[in-house]
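Contents: one structure, followed by commentary.
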Amino acid sequence: MEYLSKKRYDEIAAELNHLISVVYPKVQEELAEASAQGDRSDNAGYREARRIQGKTISRIRFLQKVLEHSRVIDPGVLPKDQVGLLSRVEFTNLSTNTRMSFEIVSPHEMDLEAGKISLKSPIGAALMGKKVGETVEVRVPSGTLLLIIESITPGGA
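Under my numbering, think of the first position of the sequence shown as 13, with each following residue one higher.
Set out below in structure tokens:
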């Protein structure tokens with residue numbers, strides 16, 4: 013079970029709807045046109061249309077599974093005094109004295125450029141359940157980080 017923000021759930025549902033109602037019919041049409049051009053064994057257009065069809069079907073199935081196994085999280089039930097899903101956490105890396113801020117999100121919402129890290133990432137997992145003022149040791153591929161939590165803004169705030 014994955015938990016998603018309402019916004020991300022709606023984005024995935026919209027993408028799925030677009031793939032089913034717009035993209036897939038167009039792919040089917042292109043496949044029919046390529047198929048009508050004759051011998052399929054020597055038809056690059058047909059092979060390309062089949063490849064695109066496979067990718068489209070695969071993406072549709074993936075998104076259907078994501079939505080099937082996801083629930084929209086109610087920000088009102090999330091803890092306010094500790095790091096949890098949808099929390100914005102500001103912390104300082106004690107070894108570099110660098111201050112950073114990230115929102116903890118599900119893996120399907122992760123976007124480093126937007127300041128969103130997965131709760132399953134090393135930093136996200138280490139921060140979960142911690143409170144302001146706590147020092148957290150995080151094992152990352154490049155070594156070990158010591159982070160001190162400066163502030164927590166609850167999800168939906």
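Even for Gly, the Cβ is constructed at its ideal location relative to N, Cα and C.
* To do: Identify which residue in Val148, Lys77, Pro166 has its Cα closest to the Cα of Ile160.
  => Here the closest residue by C-alpha is Val148.
* Asked: What does Asp123 pair with, by DSSP beta-bridge criteria?
  -> As a beta-bridge residue in DSSP terms, Asp123 pairs with Lys128.
* CA-to-CA distance, Ser107 to Ala25, given in whole angstroms -> 42 Å
* Asked: Should Ile116 go down as buried or exposed, given a rule of 16 or more other Cβ atoms within 10 Å for buried?
  -> buried
* **beta strand (DSSP E) runs contained entirely in the stretch 18-76, provided each spans 3 or more residues** => none
* Between which two residues does the alpha helix (DSSP H) carrying Leu139 extend? -> In the DSSP assignment, Leu139 falls within the alpha helix (DSSP H) that extends over 134-139.
* Evaluate Phe114 with the Cβ neighbour count: other Cβ atoms within 10 Å of its Cβ, from every protein chain shown; 16 or more gives buried, anything less gives exposed. => buried
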